[in-house]
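Residue numbers (the numbering used here), protein chains in the order written: chain A, 1 to 193; chain B, 1 to 193.
For reference, the structure discussed in these notes is given below.
Number of protein chains: 2
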Amino acid sequence: MPEKVYQPLIQNIRETVSISEQELMLVLASFQPKVLSKKEILLQKGDISNHMRFIADGSLRVYYLNEKAQEYTIQFGIKGWWVNDLYSYLTHQPANYFIQALQPSVVLQIHRDSLNKLFDQIPSLERFFRIKFEKAYVALQERTLHRASLSAKDRYEQFRAQYKDIEQNIPQYVIASYLGITPEFLSVLRSQE
Amino acid sequence: MPEKVYQPLIQNIRETVSISEQELMLVLASFQPKVLSKKEILLQKGDISNHMRFIADGSLRVYYLNEKAQEYTIQFGIKGWWVNDLYSYLTHQPANYFIQALQPSVVLQIHRDSLNKLFDQIPSLERFFRIKFEKAYVALQERTLHRASLSAKDRYEQFRAQYKDIEQNIPQYVIASYLGITPEFLSVLRSQE
DNA sequence: CGAAAATTTGACATGACTCAACTGGAGTGG
DNA sequence: CCACTCCAGTTGAGTCATGTCAAATTTTCG
Chain A
1 MPEKVYQPLI
11 QNIRETVSIS
21 EQELMLVLAS
31 FQPKVLSKKE
41 ILLQKGDISN
51 HMRFIADGSL
61 RVYYLNEKAQ
71 EYTIQFGIKG
81 WWVNDLYSYL
91 THQPANYFIQ
101 ALQPSVVLQI
111 HRDSLNKLFD
121 QIPSLERFFR
131 IKFEKAYVAL
141 QERTLHRASL
151 SAKDRYEQFR
161 AQYKDIEQNI
171 PQYVIASYLG
181 ITPEFLSVLR
191 SQE
Chain B
1 MPEKVYQPLI
11 QNIRETVSIS
21 EQELMLVLAS
31 FQPKVLSKKE
41 ILLQKGDISN
51 HMRFIADGSL
61 RVYYLNEKAQ
71 EYTIQFGIKG
81 WWVNDLYSYL
91 THQPANYFIQ
101 ALQPSVVLQI
111 HRDSLNKLFD
121 QIPSLERFFR
131 IKFEKAYVAL
141 QERTLHRASL
151 SAKDRYEQFR
161 AQYKDIEQNI
171 PQYVIASYLG
181 ITPEFLSVLR
191 SQE
């Protein structure tokens, strides 16, 4: 019987593909839990991302940091989501992004080599990731369109509706960096309610 | 021996996964070519997208049209790329996007039902799409970041470098809708060289 | 409690938009 | 092959959303 921390991952897999108990156990055995404290950095720019990562509890963000020390938050992740610097993971190149815990969190990690071996043994798992990436692509595309077509105020309202569970754990300057505005301007927007 | 129009697809698959000759033939047999004239609409908002589509020749664009008749071009596709309204394809819901040929083009289409059957028979094909979507996600994420972090002028220059082959086939108002600026402002940028 | 970090506030600057008028070129029908 | 139309592109004036910078205030946390 797997530990409680694996339950969200089991659910995540089972709601997407059908997989035997035996195969599932094999998969879970390759994931290691990692506990993160608030603000802890899971992956830094320059690191090579060697793991796929699933959020078993808590929340994280992925951000880019440019030469002028400006942050661009490109993704929030909450319990049940996957996070990674996928470019680094796929190409073995140094990461361009940081991944940071927004609150105390637990991620389940699987090494690239283990996952690729499992893909050969368990077609359902490969299907699982194929479907996950299809959906992730659709979600990102929609987010990109919203970003382009909505005003900063509308984007903020949409953000609040979507992330009401974790909003209070996220500093405003991080929200601003996700919305693509300055912290000062977010402050102005908030005062206009 | 498959017809010439299938060559780009064969190459696209073979450079990503290893697949037997026999399996490949089975896959190709499910794709139907469709010839498009310039400006022809391949998929309209409201249609249900029932096919995966590969560009065997020419170029297309995917765009969103809002109530105020403003266009947002979210993707250009050239020979060797895949285009779709993936949301509609995956969910059987009406499309939100239009797909239009920028010049005379040929696409190879496979019906969702055929593709899903092939996934059961040919694990390499499922792997192919898993890898394609991983890469598509990375590319879209990078594009989204560029969009957020670069000025309109820099985005335009980047666009020109990336799409120099098809730039002359794309009206300026379409380029503007891809860059996220008005046609008037693009005109100003161009006069500043 | 104190220092550092986050947020707010305000004055001013600017990149990009809107609207309207004008220009030019590509297609179309006679 | 001309004349006409129409759509794409340009130009300019005025405006607005959002940015920049700096100072004041509040919150967080060691």
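All residues carry an ideal CB built from backbone N, CA and C; glycine is no exception.
C-alpha gap between residue i and residue j, whole angstroms
{"i": "A/I74", "j": "B/L145", "result": "7 Å"}
{"i": "A/A69", "j": "B/Q109", "result": "46 Å"}
{"i": "A/E184", "j": "A/Y156", "result": "14 Å"}
{"i": "A/S177", "j": "B/V35", "result": "44 Å"}
{"i": "B/V17", "j": "A/D113", "result": "17 Å"}
{"i": "B/A56", "j": "B/I13", "result": "13 Å"}
{"i": "A/I10", "j": "A/Q32", "result": "14 Å"}
{"i": "A/W82", "j": "A/E15", "result": "15 Å"}
{"i": "B/Y196", "j": "B/F76", "result": "Since the first residue of chain B shown is 1 and the last is 193, residue 196 of chain B is not available in this structure."}
{"i": "B/Q172", "j": "A/P104", "result": "49 Å"}
{"i": "B/A101", "j": "A/S124", "result": "36 Å"}
{"i": "A/K39", "j": "A/L189", "result": "26 Å"}
{"i": "A/Q22", "j": "A/R53", "result": "22 Å"}
{"i": "B/N50", "j": "B/S88", "result": "8 Å"}
{"i": "B/S30", "j": "B/Y6", "result": "11 Å"}
{"i": "B/D154", "j": "B/E67", "result": "29 Å"}
{"i": "B/L86", "j": "B/S191", "result": "37 Å"}
{"i": "B/S59", "j": "A/L60", "result": "39 Å"}
{"i": "A/N116", "j": "B/Q168", "result": "42 Å"}
{"i": "A/L118", "j": "B/D120", "result": "17 Å"}
{"i": "B/F129", "j": "B/P8", "result": "16 Å"}
{"i": "A/L186", "j": "A/I170", "result": "13 Å"}
{"i": "B/I78", "j": "B/L24", "result": "23 Å"}
{"i": "B/R143", "j": "B/E3", "result": "35 Å"}
{"i": "A/L90", "j": "A/V62", "result": "17 Å"}
{"i": "B/V107", "j": "B/E126", "result": "21 Å"}
{"i": "B/L179", "j": "B/N84", "result": "20 Å"}
{"i": "A/G80", "j": "A/L150", "result": "28 Å"}
{"i": "A/S37", "j": "B/I131", "result": "33 Å"}
{"i": "A/H111", "j": "B/H111", "result": "35 Å"}
DSSP beta-bridge partners of residue i
{"i": "A/I99", "result": "A/L43, A/V62"}
{"i": "B/H111", "result": "B/H51"}
{"i": "B/K194", "result": "Chain B is shown only over 1 to 193; residue 194 of chain B falls outside these bounds and no answer can be derived."}
{"i": "B/V83", "result": "B/R53"}
{"i": "A/I181", "result": "The partner list for A/I181 (beta bridge, DSSP) is empty, contrary to what the question assumes."}
{"i": "B/Y72", "result": "B/Y64"}
{"i": "B/P94", "result": "B/I48"}
{"i": "A/I78", "result": "A/S59"}
Supposed close pair residue i, residue j - CB separation, criterion 8 Å
{"i": "B/F98", "j": "B/I19", "result": "About 33 Å; that fails the 8 Å criterion."}
{"i": "A/Q148", "j": "B/Y72", "result": "First, the residue type needs correcting, since residue 148 of chain A is Ala and not Gln in the sequence shown. Going by Cβ atoms, the distance from A/A148 to B/Y72 rounds to 6 Å, so yes, they are a contact pair."}
{"i": "A/E134", "j": "B/F133", "result": "5 Å"}
{"i": "B/L28", "j": "B/I122", "result": "Not confirmed; about 12 Å, so no contact."}
{"i": "B/I181", "j": "B/F159", "result": "Actually they are not in contact, since the Cβ atoms of B/I181 and B/F159 sit about 11 Å apart, beyond 8 Å."}
Which residues, in order along the stretch 149-161 of chain B, keep a beta-carbon less than 7 Å from a beta-carbon of chain A?
S149
What are the residues of the stretch 127-146 of chain A that lie near chain B, defined by any Cβ-Cβ distance shorter than 8 Å?
R127, F129, R130, F133, E134, K135, A136, Y137, V138, L140, Q141, E142, R143, T144, L145
Are the stretch 37-49 of chain B and the stretch 87-99 of chain B touching, with three or more C-beta to C-beta distances below 8 Å?
yes
Tell me whether the stretch 163-174 of chain B and the stretch 125-142 of chain B touch, counting them as touching only if at least three CB pairs, one residue from each stretch, are closer than 8 Å.
no
Against chain B, which members of the stretch 29-40 of chain A pass a CB distance test of less than 8 Å?
none
Just by C-beta distance, which residues in the stretch 59-79 of chain A are closer than 7 Å to chain B?
Y64, N66, Y72, I74
Against chain A, which members of the stretch 77-105 of chain B pass a CB distance test of less than 7 Å?
L86, Y87, L90
Using a Cβ-Cβ cut-off of less than 7 Å, list which residues of the stretch 171-189 of chain A approach chain B; keep chain order.
G180
Listed in chain order, which residues of the stretch 114-126 of chain A have Cβ atoms closer than 8 Å to some Cβ of chain B?
F119, P123, E126
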